[in-house]
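Novice: So the sequence lines, in the order shown, correspond to chains A and B. Basically our numbering = 1-based index in the first sequence + 2. Basically our numbering = 1-based index in the second sequence + 2. Glycine included, every Cβ here is placed at the ideal spot set by N, Cα and C. Because the structure is a prediction, the values reported are computed rather than measured.
Number of protein chains: 2
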Amino acid sequence: MKRASGLTIWLTGLSSAGKSTLASAIAEQLCAQGLKAEVLDGDAIRQHLCRDLGFSKRDRDENIFRIGIVAELLTKHGVIVLVAAVSPYRSARDDVRKRIGRFVEVYVNSPLEICERRDMHGIYRRGRAGEIANVTGLDDPYEPPLRPEVECRTDRETPDESKAKIMSVVERWLGAETSPASGTLQVIDVIADAP
Amino acid sequence: MKRASGLTIWLTGLSSAGKSTLASAIAEQLCAQGLKAEVLDGDAIRQHLCRDLGFSKRDRDENIFRIGIVAELLTKHGVIVLVAAVSPYRSARDDVRKRIGRFVEVYVNSPLEICERRDMHGIYRRGRAGEIANVTGLDDPYEPPLRPEVECRTDRETPDESKAKIMSVVERWLGAETSPASGTLQVIDVIADAP
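#1: Taking C-alpha atoms, which residue in A:Leu9, A:Thr14 and A:Gly20 lies nearest to glutamate 163 (chain A)?
#2: Compare the beta carbon distance of threonine 14 (chain B) and proline 143 (chain B) with 8 Å and say whether it is the shorter of the two.
#3: Run the CB neighbour count on serine 18 (chain A), radius 10 Å, all protein chains shown included, and call it buried at 16 or more, exposed below.
#4: Would arginine 68 (chain A) and tryptophan 12 (chain A) qualify as a contact pair, given that the criterion is a beta-carbon distance under 8 Å?
#5: If you count every other CB in all the chains shown that lies within 10 Å of the CB of alanine 29 (chain B), and 16 or more means buried, which is it?
#6: Over what stretch of residues does the alpha helix (DSSP H) that includes isoleucine 47 (chain A) continue unbroken?
#7: Closest to alanine 39 (chain A) by C-alpha separation, out of A:Ser170, A:Leu76 and A:Val171, would be which residue?
#8: On a CA-only basis, which of A:Leu9, A:Gly8, A:Arg62 and A:Leu16 is nearest histidine 123 (chain A)? Give me that one, please.
#9: Could you pull the DSSP bridge partners for glutamate 107 (chain B) from this structure?
#10: Could you tell me the boundaries of the alpha helix (DSSP H) in which glutamate 74 (chain B) lies?
#11: Once DSSP output is grouped into helix, strand and coil, what is the label at glutamate 115 (chain B)?
#12: With cysteine 33 (chain A) as the anchor, note down where its beta strand (DSSP E) starts and where it stops.
#13: With DSSP as the reference, please indicate the residues paired to leucine 84 (chain A) in a beta bridge.
#14: Can you tell me whether serine 17 (chain A) is helix, strand or coil according to DSSP?
#15: Whose Cβ in chain A lies nearer than 7 Å to the Cβ of valine 72 (chain B)?
#16: Would you kindly check if the distance between the Cβ of threonine 23 (chain B) and the Cβ of proline 90 (chain B) is under 8 Å?
#17: Is it buried or exposed, serine 112 (chain B), if we count other Cβ atoms within 10 angstroms and call 16 or more buried?
#18: Hey, valine 88 (chain B) and isoleucine 168 (chain B) are a contact pair by Cβ (cut 8 Å); roughly how many whole angstroms apart?
#19: Spatial neighbours of arginine 104 (chain A) within its chain, please: CB distance less than 8 Å, with the 5 preceding and 5 following residues excluded, ordered by chain position.
#20: If the cut is a Cβ gap below 7 Å, which residues of chain A does lysine 38 (chain B) touch?
#21: Between histidine 123 (chain A) and chain B, is any beta-carbon pair separated by less than 8 Å?
#22: Note down, in chain order, every chain B residue with its Cβ under 7 Å from the Cβ of isoleucine 51 (chain A).
#23: Do valine 106 (chain A) and valine 41 (chain A) have their C-beta atoms within less than 8 Å of each other?
#24: DSSP three-state call for arginine 53 (chain A): helix, strand or coil?
#25: Measuring straight from C-alpha to C-alpha, what distance separates glycine 56 (chain B) and aspartate 63 (chain B)?
#26: First and last residue of the beta strand (DSSP E) that includes arginine 155 (chain A)?
#27: Over what stretch of residues does the alpha helix (DSSP H) that includes arginine 149 (chain B) continue unbroken?
#28: Just to confirm my understanding: we take cysteine 33 (chain A), look at its own chain, exclude 5 residues before and 5 after, and list those with CB closer than 6 Å. What are they?
#29: Could you tell me which residues DSSP puts in a beta bridge with aspartate 142 (chain A)?
The following block contains the structure:
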């Protein structure tokens with residue numbers, strides 16, 4: 003039986019590291035399993051819920067704060083929320099972790115030079131050309147997670163490998179709630195093992 | 003069988019008209035029925051998701067826009083969302099109705115003099131004293147709904163009467179999805195009857 007326990011899977015990393023791609027792939031898999039999943043994509047959210055915000059530290063913190071509130075509400079109601087947002091500041095991520103509780107932090111790690119080569123949104127090009135400021139990795143800091151539940155090296159792993167790493171942690175969270183009654187000890191073990 | 007179909011119940015009206023009280027009472031009843039319900043209270047939301055906003059028309063519209071986004075997400079995932087917000091502008095309410103689709107507008111109607119006598123948050127007193135501006139009903143307009151699904155006259159009805167009026171409309175929305183299979187015709191009739 004699938005219990006409706008939500009979870010927030012928070013993907014952080016540089017622009018073009020692969021956060022949105024991974025988030026969508028995982029959401030698709032979870033939906034195929036009959037679970038409720040929602041992607042909160044940082045770029046999309048800056049078009050509506052955070053359309054007033056820029057890229058100063060203050061605005062970035064506010065952006066993460068708002069995404070955190072929405073993720074918390076959805077998580078509370080049994081949705082598996084996939085947040086794909088650069089979220090460069092550790093303290094802002096730690097704050098949402100505390101707020102939400104059921105939280106898995108995924109560090110989508112790819113070296114700047116690889117991200118810059120991909121440059122899905124032209125951000126690095128425009129940053130290098132001086133057209134925009136506050137580009138994370140160029141003139142704005144990125145604070146990597148110290149103890150992420152998962153680290154995906156998207157420059158070395160295939161998308162499927164990264165996805166599998168995330169799914170194995172997610173399944174540990176959900177497994178305790180969804181596994182068939184094949185033995186109480188097993189279920190307890192999974193609960194104890196969940197981060 | 004209870005299907006997880008969400009709905010947004012949007013309570014609009016002057017401050018101290020009784021929106022939050024009704025929203026909480028209905029959420030409690032829905033939860034007791036095993037349904038997922040969430041109250042999005044305008045005053046609470048101005049403490050977090052909309053803490054940057056004031057009471058100009060522009061800020062009020064932005065406030066309703068953001069609440070609408072959250073309500074839409076929760077509704078999509080099967081939650082019955084009770085929004086309690088003054089939401090004085092018709093166009094902003096109509097926009098969220100269009101956005102969400104599954105939407106019941108409740109006009110919580112009480113004459114200004116009654117609301118002012120209650121003055122739960124001291125807003126009217128401070129408005130009359132010139133301490134604050136943009137108080138809806140005093141120096142800011144309130145545009146009543148033209149075709150609300152429910153109108154509660156909280157100055158004449160008891161809270162239970164108002165609640166019952168809202169619940170009967172909510173049950174028409176949910177009834178088509180939750181009623182036992184006691185005849186297809188009945189179910190179709192309920193669907194056709196839903197506003």
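Specialist: Taking the coordinates as given:
#1: Glutamate 163 (chain A) has its Cα closest to that of A:Gly20, out of A:Leu9, A:Thr14 and A:Gly20.
#2: no
#3: buried
#4: no
#5: buried
#6: 44–47
#7: A:Leu76
#8: A:Leu16
#9: B:Trp12
#10: 59–78
#11: helix
#12: Not the beta strand (DSSP E): cysteine 33 (chain A) falls in the alpha helix (DSSP H), residues 21–34.
#13: Its beta-bridge partners are A:Ile11 and A:Val41.
#14: coil
#15: Val72 and Leu75
#16: no
#17: By the neighbour-count criterion, in which a residue is buried when 16 or more other Cβ atoms sit within 10 angstroms of its Cβ, serine 112 (chain B) is buried.
#18: Actually they are not in contact, since the Cβ atoms of valine 88 (chain B) and isoleucine 168 (chain B) sit about 18 Å apart, beyond 8 Å.
#19: Ser7, Gly8, Leu9, Thr10, Thr77 and Trp175
#20: His79
#21: no
#22: One point to set straight first is that residue 51 (chain A) is leucine, not isoleucine, in the sequence displayed. Within 7 Å Cβ-Cβ: Arg68 and Ile71.
#23: no
#24: coil
#25: 10 Å
#26: 152–155
#27: In the DSSP annotation of this structure, arginine 149 (chain B) is not part of any alpha helix (DSSP H), being labelled neither H nor E.
#28: Ala39
#29: A:Thr138
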